[in-house]
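Have a look at the structure below before the remarks.
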């Protein structure tokens with residue numbers, strides 16, 4: 004009987020997001036493919052250091068139980084199976100429940116997302132991510148970070164920008180004309196109209212379903228602490244905030260915290276929320292927090308033309 008992924012929460016991750024591959028990438032850039040291949044073989048039994056997406060992946064997989072394996076993580080790699088062996092040995096070392104992989108030997112790996120029902124692709128390769136988003140795949144590029152994970156913290160906190168990430172950038176396009184009053188007037192008039200979905204709408208919806216499962220576990224067993232906490236962190240403020248709430252209501256999605264900042268630095272609230280991953284469509288916002296927390300750039304919309 005074939006293994007079905009239709010009813011699973013599935014995300015795809017490149018080895019460049021899961022582990023720190025800076026040393027081996029340097030060998031590839033400076034000396035070419037054959038030197039890289041030999042380097043990976045020579046260091047095959049050296050465990051790779053964890054990468055920016057590791058705290059997210061570890062916590063997602065911790066939701067699984069022996070009785071119920073609801074979360075699946077698929078490795079999508081530009082390596083071939085030979086050079087990718089080191090990555091799988093590191094996965095085994097960290098005891099991550101990742102057993103499925105795609106190795107494409109230098110080709111684009113993201114076209115295989117639909118084969119595994121994946122709702123997100125994370126990679127450290129900005130060219131791969133940009134092409135994926137342009138072709139309609141939900142993807143994000145992880146940024147380098149000095150973040151040190153607190154292993155004792157079992158909660159998973161995800162923070163999302165709104166326009167250009169959860170919603171499309173139709174409202175953002177109006178804002179970028181520079182007429183703030185016109186933007187607020189338009190959004191107030193459209194307050195009861197949900198915005199169309201953005202590039203990560205499916206991932207946001209699927210993570211919300213996981214959150215609901217966690218909440219139900221808590222209702223069944225008050226001693227159980229839900230593991231997922233969601234936040235919206237947006238430059239919108241009143242009166243433009245109402246359309247965010249309208250959109251979330253249509254999606255039947257609950258967020259635990261929402262920040263309508265109106266120009267206040269996002270890092271000021273993220274320092275308190277302490278996300279294990281933060282998604283934003285603007286590089287300027289990412290640069291302000293990426294050194295402190297795992298951050299993902301979603302190259303979508305008018306700000307990324």
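In my numbering, the protein residues as written are 4 to 308. For glycine and all other residues, C-beta sits at the position ideal for the given N, C-alpha and C. Note that the structure is predicted; figures quoted are calculated from it, not measured.
| said: Can you tell me where the beta strand (DSSP E) holding residue 283 begins and where it ends? | reply: Residue 283 sits at position 280 when you count from the first residue of the chain shown. Start and end: 280-283.
| field | Buried versus exposed call for residue 68 [16 or more other C-beta atoms within 10 Å across all chains shown] | value | Indexing the chain shown from 1 puts residue 68 at position 65. Answer is exposed; the Cβ neighbour count stays below 16.
| With a CB to CB cut of under 6 Å and the five nearest residues on each side skipped, what residues in its chain are close to residue 1? | What is shown of the chain runs 4 to 308, which leaves residue 1 out entirely.
| field | Top-ranked residue by Cα proximity to residue 162, from 30, 27, 12, 276 | value | For this step, residue 162 is matched to residue 159 along the chain shown. The candidate whose alpha carbon is nearest that of residue 162 is 276.
| Is there contact between the region 251-263 and the region 221-239, where contact requires at least three CB pairs shorter than 8 Å? | yes
| said: Given a cut-off of 8 Å on the beta-carbon distance, is the pair residue 34 and residue 160 in contact? | reply: The residue you call residue 34 lines up with position 31 of the chain shown. The residue you call residue 160 lines up with position 157 of the chain shown. Cβ atoms of residue 34 and residue 160: not closer than 8 Å.
| query | CB of residue 296 to nearest heavy atom of the ligand FMN: below 7 Å? | reply | The ligand FMN is not part of this structure, which contains no ligands at all.
| request: Assuming residue 104 and residue 77 form a contact by the criterion Cβ under 8 Å, report the distance between their Cβ atoms to the nearest whole angstrom. | output: Along the chain shown, one-based indexing puts residue 104 at 101. Along the chain shown, one-based indexing puts residue 77 at 74. Indeed they touch by this definition, with Cβ atoms about 7 Å apart.
| said: If you reduce the DSSP assignment to three classes, tell me which class residue 103 lands in. | reply: As a working mapping, residue 103 is identified with position 100 in the chain shown. In this structure, residue 103 counts as strand in the three-state DSSP scheme.
| field | Separation of residue 240 from residue 298, as counted between CA atoms | value | Counting from one through the chain shown, the residue named residue 298 turns up at place 295. Counting from one through the chain shown, the residue named residue 240 turns up at place 237. About 23 Å.
| Burial state of residue 167 (16 or more Cβ within 10 Å) | What you label residue 167 is simply residue 164 of the chain shown in a count that begins at 1. The residue in question, residue 167, is buried, as its Cβ has 16 or more Cβ neighbours within 10 Å.
| query | Terminal residues of the continuous beta strand (DSSP E) containing residue 298? | reply | In the chain shown, residue 298 corresponds to position 295, counting from 1. Counting along the chain, residue 298 sits inside the beta strand (DSSP E) bounded by residues 298-300.
| request: List the whole-angstrom C-beta distance separating residue 20 from residue 55, where the pair is believed to meet the contact cut-off of C-beta under 8 Å. | output: In the chain shown, the residue the question calls residue 20 occupies position 17. In the chain shown, the residue the question calls residue 55 occupies position 52. Residue 20 to residue 55, Cβ: 6 Å. Contact.
| Member of 120, 158, 36, 264 whose CA lies at the smallest distance from the CA of residue 15 | Residue mapping note: residue 15 aligns to position 12 of the chain shown, counting from 1. Residue 15 has its Cα closest to that of 120, out of 120, 158, 36, 264.
| said: Give me, in chain order, the residues of the same chain whose beta-carbon lies closer than 6 Å to that of residue 283; leave out the 5 immediate sequence neighbours on both sides. | reply: On the chain shown, residue 283 is found 280 positions in, with the first residue counted as 1. Cβ within range, chain order: 164, 289.
| Residues bridged to residue 162 [DSSP beta-bridge criterion] | In the chain shown, counting from the first residue as 1, residue 162 sits at position 159. According to DSSP, residue pairing for residue 162 in a beta bridge involves 234, 281.
| task | Would you kindly work out how many angstroms separate the C-alpha atoms of residue 149 and residue 27, rounded to a whole number? | result | Locating residue 149 in the chain shown gives position 146, where the first residue counts as 1. Locating residue 27 in the chain shown gives position 24, where the first residue counts as 1. If you draw a straight line from the Cα of residue 149 to the Cα of residue 27, it is about 19 Å long.
| query | Alpha carbon to alpha carbon, how far is residue 128 from residue 146? | reply | Locating residue 128 in the chain shown gives position 125, where the first residue counts as 1. Locating residue 146 in the chain shown gives position 143, where the first residue counts as 1. Roughly 10 Å separates the two Cα atoms.
| Closest by C-alpha distance to residue 291, when choosing among 12, 116, 213, 271 | Taking the chain shown and counting its residues from 1, one reaches residue 291 at position 288. With distances taken between Cα atoms, residue 291 lies closest to 271.
| said: Rounded to the nearest angstrom, what separates residue 29 and residue 247 at their Cα positions? | reply: In the chain shown, counting from the first residue as 1, residue 29 sits at position 26. In the chain shown, counting from the first residue as 1, residue 247 sits at position 244. Each residue's Cα considered, the two are about 43 Å apart.
| query | Buried or exposed: where does residue 7 fall if 16 or more other Cβ atoms within 10 Å of its Cβ makes it buried? | reply | Position 4 of the chain shown, counting from 1, holds the residue named residue 7. When all chains shown are included, residue 7 counts as exposed.
| Where residue 291 sits in the DSSP three-state scheme | Your numbering for residue 291 matches position 288 in the chain shown. The answer is helix: DSSP assigns residue 291 an H, G or I state.
| field | beta strand (DSSP E) segment containing residue 267, residue limits | value | Along the chain shown, one-based indexing puts residue 267 at 264. Premise fails: residue 267 is in no beta strand (DSSP E) and is neither H nor E.
| field | First through last residue of the alpha helix (DSSP H) which encompasses residue 64 | value | Locating residue 64 in the chain shown gives position 61, counting from the first residue. Element bounds for residue 64: 57-64.
| query | When burial is assigned at 16 or more other CB atoms within 10 Å of the CB, is residue 267 buried or exposed? | reply | Mapped onto the chain shown, residue 267 falls at position 264. Exposed: under 16 other Cβ atoms inside 10 Å.
| message | Taking its Cβ as the centre, do 16 or more other Cβ atoms sit within 10 Å of residue 98, making it buried, or is it exposed? | response | Here residue 98 corresponds to residue number 95 of the chain shown, with the count starting at 1. Flag for residue 98 reads exposed.
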